[in-house]
Each structure stands twice: as C-alpha cells, then as structure tokens.
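In my numbering, the protein residues as written are 12 to 570.
The C-beta atom is built at its ideal place from N, Cα and C for all residues, glycine as well.
Nothing here was measured: the structure is a model prediction, and the numbers come from that model.
See structure below.
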Amino acid sequence: MDIGETLLRNGLVTRQQLDSALQQPNGRRIDQRLIELGFVTEEDTLQTLGEILGMRYVKLKDLKIDPELLGKFPHRDIYRHSILPLERRNGTAIIATSDPFDLEALDELSSLSGLRLEPVLARKDDIVQIIKERLGVGGDTINELVAQRTEDEIELLEGLGEADGELAEMAQAASVVKLVNELLIEALEQQSSDVHLEPQENGLRIRYRVDGLLRVQPVPPEINQFQAAIISRLKIMAKLNIAEKRLPQDGRIKIRVHGREIDVRVSIIPMLHGEGIVMRLLDKSRMVFNLSSVGLPPDMSKTFKELISMPHGIILVTGPTGSGKTTTLYSALNEIKDPTVKIITVEDPVEYQTEGINQIQVHSKIGLTFAAGLRSILRHDPDVILIGEIRDGETAQSAIQASLTGHVVFSTLHTNDAAGAFTRLVDMGVEPYLVASTIEGVLAQRLVRVLCPHCKVGYKPNSDELPSDFPRPLPELLWKEVGCRQCRNTGFSGRKGIFELLRTDAGVRQLCVDRASSNLIKDHGLKNGMTTLRMNGWDRVIQGMTTVEEVARITKGEH
C-alpha cells in the first residue's frame, strides 16, 4: 500500500509535494513526513488511512470516555503509546490511536488488559490532551520514576528520615523492616484504628484497637530483643529524631499496602520502661464521606440536611474522641460541596484530604492556632468554614463572629449530650445571647459495635434483666453476640452511630439567654420530639443491630 500515492489520487497533495517529501527521508513514513512539512493535515491523512484500512475516524470531543474502562489499562502504557481507551462494546474495548501501524502497542495493551481491542483513528494532539485531562500532566514521567523503585510489602509514600549510628543500622536491617511491616499489615487486616506498642517491665506488649476496644495481639517473646530497633524503625519512617528518648514526639507515615493508601499518625511518649508508641491508622480506601452512609434515622437526616443548608449559623457535632464526629462533618461538607461554594477547614491534624475543600493544618508552635487560622480564613472569602474543634473561649468567639458575618460554621465540641453544648460555650465566656442567636443545631453521637451477622443469636427478653428505661412493651425477640471465625470470636463486626439531634428553636434560645442548665434545655428538647442517644440506641437494639449491654456501656441511663 502506497499512502503517498493514495493521498495524491484523492487530491490532498500535489506530485511536487510528494516528491519533495520523498527526497527528505528521515526514517518516518511518507504520510508522517507530509504532515510535518505542512502539505496535508493529520485529519485528512487519518481519514484516508481509515478508508484504506477499513477503520473509523472519530472526533474525540464528540465522544464520552468510559472512566471504568480507562482504569483497566496501565496508565504508564497509555502515556507511552498515546492510546486512549474510549468505551466497551460487546466485550470489545474501542481504543483511539493516531498510528494504526503500531501493532506492537496494540498487542501489548490487549495482553495487559485482557480485552480484545478494536482501534479507531483520532488526531494525536486530541488523544494526548484528553489523556492529560483524565490522568494528569506529567503522568508518564511520574510513572517512570515509580517503576524504578523497588517494591516491598509496604511501600513508603514519602522518604525516610535521616539517621545514622548503630541503632539506625539495626533499625534498617531487613528482618526489622519485615517485622514492622508485618505488624502494620496484621493491624490493617484486623481493621484496627490504632496500634499500641507498650513497653512493660517484662517486655513489649502490642495491642490493636478494633471496633473501639483494645485487644492484645499475641507476639513471640523474642520480639523483646528487637524493641529498640522496632521503635527506631518507626521513628525513621515518621522522620523523627531517633536519638531523642526523653521528650514526646509526633510524626506521620504515608504508606501503601496492597494498593491501599494508609496515613499513619505516630505519637511517641517516654514511659517508665521505654518509649510507648501509638499509631492511628487512617485507611483512605475505607473512608466513605456520604451522609446517607452515616446512619442517621430518616427523620433526623431530613432535619440535619435542612440545618447544613442554612445560609449562616453554627452547626456543632459533639461526642468523645473516636465517636465519628469528623466522618459526620466531612459527610456534611460533601453533601453541600459545589463549585459555587468555597469551603475552608482549619484542623489539627488534617486527617482526610478531600477534593474540592481547602484545608489548613494547625501549627500551634508558630502561632497558627484554631483562632488565628479562623481570623485569616475570614479574609479568604469563604462560604462555609469547618473548625476542627472549639477548645477555648478565643476559638468560640471567633466562630461566633464568623457566623454573625454570614458564614456557615461547622465544628466539634466535647460534651456528653447535645444540650450540654450551649452551657459549655457560655462557660467558655461567650455571651448567652450570642450563643442563642448563632447555634442552629447540635448533633451528639456515639459509636456502638454491630453484631456479627454470621453468628448472632436471638433470645426472648426478660423484663427484669433489662434497664428500666428500655421501651415497653418488650419485643418478641432480641439478639446477642456469640463469636465465630469471621468476627475473630468477638461477636461483633464494625460499628454504627447512634445520634441525638437538638434543633435550636425559640424555646432553646430563651433558655440559653436565661443561662438555664443543660438539663432544662434537654427537657425542652424531649417535649418537642427530640430522640436522645439512649433512645436511638434502644431502636438499634430492637432492629437487631446491636445488644442491650453495648448501648448500656456507651450511653448514660435516663431516669
């Protein structure tokens, strides 16, 4: 097949242009030389090739790209060959190429993806532009750099801290690296939220926090010989000073395990028998910030959505550490996230990096506190502000001012129930009338363990054995835990939220102005249909989601 002669016959080039291109051999095909010399457009050439080879020519701007199909091909090879997967049709992947003669690339992509390929023709510039739009600029260079790195069971996403000396050498020994990797992998397989390495008089104790409760992890006694090396290895990974053993240190490790990105927050505190380490594991792949998956009851969810959609005011989420407050707030932000809304957060630390939200990390040592960050934020033209936590009167005053100037403010507070938030802010020094006029609603929450669906058993409840505030008449059937292989003999698998939502009405505002106690505010809420944490917990028990003992453990009795 002579492409040049076909282009000549179709009137797309002249004999003189064809001869001129033939006189400049540079190892490229005649059609490519004609395009480089500007004698013919790439579009005309591809359409001609399509006619000769029986292939379609497409304009990519008119087509929708299937992102799921794009994910089935190695990005490095998409960049390298400038080939773009478009859509799947009858078990065949339609892919766009600008070079129908690059059969080696087509064969390689077919074997890597496991799909049969049907190539169509498109302009190279259009293909490259869409690849950059979908996969990012410079992705091919980054992929090459990644390919040069050696793979391990755990891949560090940031460089190691600098360290030297005998202890550092021991910490970097292959066996110690493998041991630390195994500890982290096991913690992730058990879906732990925290790993505790605790030096005791007789050796190192390791505990994992699973579903809110700590459990001891059996380890061979020989691990005690490696205690110093394990701690040093973790310090090096977190870029901490391995020589400092007298002061607390905080760091962060970013790793990838089996394709999952894990953020590890490391806290080291000197103890009586050595340094104790606690690692908080944040598994980004497991985090779903969606209000529907938070688990609010339908009527409460409707009210909460109304609250977060208000044009200004403060919405608080309260509860102890580890009660899921951050997840609820991020889910709320995702619910209202929009290109027309500017959302800024001030957090300590930034736990989850979220697309479309501007996040600020608190640095108290250099004066960037919650209050200082909030003052700066107001000059940044936000619509919605998230303050990680209201810890003091200065932050509380700043949040109030932000609300009064027409912003929606989300934050957390450590109180036992929703009503306690109003009195806590007044105790911090905020004027009661300001609290009353700015707080639009308070959501209190806790996490209860969910019964394992594989082994839970039903039983007929006995009135004498149940707490006095459990709803009567009693249901026919309640459930309790047993324990099996799936739940590692705990009887529970995962956790769900229980909630209490107090919306600020005229009565609550007046009680707040009158400096009424939290009990009076709570009583007013109950009279107006508020469901307490305990009541919501009993609903979960009746639904068969958790046990009576679990709700009694997490919530306070109501008399």
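Simplified DSSP assignment, three categories, for residue i
| i | result |
| --- | --- |
| Arg218 | strand |
| Val504 | The sequence shown places Ser at residue 504, not Val. Ser504 falls in the strand class under three-state DSSP. |
| Asn369 | strand |
| Gly15 | helix |
| Ser204 | coil |
| Phe315 | helix |
| Arg271 | strand |
| Val437 | helix |
| Gln521 | helix |
| Thr108 | strand |
| His391 | helix |
| Val277 | strand |
| Thr25 | coil |
| Gly452 | strand |
| Pro96 | strand |
| Leu489 | strand |
| Lys72 | helix |
Minimum Cβ-Cβ distance from residue i to chain B less than 9 Å
| i | result |
| --- | --- |
| Leu302 | Annotation note: the requested chain B is absent from the structure, which comprises a single protein chain. |
Presumed contact (8 Å Cβ cut-off) between residue i and residue j, rounded CB distance
| i | j | result |
| --- | --- | --- |
| Val552 | Leu489 | 6 Å |
| Thr108 | Arg127 | Thr108 to Arg127, Cβ: 15 Å. No contact. |
| Gly262 | Val277 | 5 Å |
| Ile217 | Gln228 | 4 Å |
| Val459 | Glu561 | 5 Å |
| Leu95 | Ile46 | 19 Å between Cβ atoms; not a contact. |
Residue i: CB within 8 Å of a non-hydrogen atom of the ligand NAP
| i | result |
| --- | --- |
| Asp205 | Among the components modelled here there is no ligand, and therefore nothing to report on the ligand NAP. |
Where residue i falls, given that 16 or more other Cβ within 10 Å makes a residue buried
| i | result |
| --- | --- |
| His465 | exposed |
| Lys313 | exposed |
| Met556 | buried |
| Ser243 | buried |
| Thr332 | exposed |
| Lys246 | buried |
| Gly378 | exposed |
| Phe84 | buried |
| Asp30 | exposed |
Limits of the beta strand (DSSP E) - the one that residue i falls within
| i | result |
| --- | --- |
| Glu405 | Unbroken run through Glu405 is the alpha helix (DSSP H), 404 to 415; no beta strand (DSSP E). |
| Gln228 | Element bounds for Gln228: n/a, residue is neither H nor E. |
| Pro130 | 127 to 132 |
| Leu80 | Not the beta strand (DSSP E): Leu80 falls in the alpha helix (DSSP H), residues 78 to 81. |
Where the alpha helix (DSSP H) through residue i begins and ends
| i | result |
| --- | --- |
| Trp346 | Before going further, note that residue 346 is Glu rather than Trp in the sequence given. 336 to 347 is the extent of the alpha helix (DSSP H) around Glu346. |
| Tyr90 | 86 to 92 |
| Thr380 | Element bounds for Thr380: n/a, residue is neither H nor E. |
| Ile63 | 53 to 64 |
| Glu286 | From DSSP, Glu286 is part of no alpha helix (DSSP H) but of the beta strand (DSSP E) over 285 to 294. |
| Thr515 | Unbroken run through Thr515: none, as it is neither H nor E. |
| Tyr470 | Unbroken run through Tyr470 is the beta strand (DSSP E), 468 to 470; no alpha helix (DSSP H). |
| Ser121 | 114 to 124 |
Inter-stretch contact (C-beta, 8 Å, three-pair minimum) for the segment 306 to 317 and the segment 428 to 441: Cβ pair count under 8 Å is below three, so no.
Would you check if the segment 241 to 259 and the segment 221 to 228 touch, i.e. whether three or more CB-CB distances between them fall below 8 Å? Output reads no: the segment 241 to 259 does not touch the segment 221 to 228.
Given 8 Å as the limit, is there contact between the segment 511 to 531 and the segment 451 to 464, that is, 3 or more CB pairs closer than that? With the rule of 3 Cβ pairs closer than 8 Å, the segment 511 to 531 counts as touching the segment 451 to 464.
Should the segment 350 to 368 be called in touch with the segment 388 to 395, which here means at least 3 C-beta pairs below 8 Å? The answer is yes - the segment 388 to 395 touches the segment 350 to 368, with three or more Cβ pairs under 8 Å.
Can you find at least 3 beta carbon pairs, one from the segment 435 to 442 and one from the segment 398 to 407, that sit closer than 8 Å? Taking a cut-off of 8 Å for Cβ pairs, the segment 435 to 442 and the segment 398 to 407 touch, as three or more such pairs fall below it.
Does the count of Cβ pairs from the segment 287 to 296 and the segment 315 to 329 closer than 8 Å reach three? The segment 287 to 296 vs the segment 315 to 329: no contact.
For the 8 Å Cβ check, are there 3 or more pairs between the segment 84 to 103 and the segment 41 to 54? Contact fails: fewer than three Cβ-Cβ distances are below 8 Å.
Should the segment 463 to 481 be regarded as contacting the segment 350 to 364, the criterion being three or more beta carbon pairs within less than 8 Å? The segment 463 to 481 is not in contact with the segment 350 to 364.
Any chance the segment 126 to 141 sits against the segment 67 to 75, with 3 or more Cβ pairs inside 8 Å? Yes, the segment 126 to 141 touches the segment 67 to 75.
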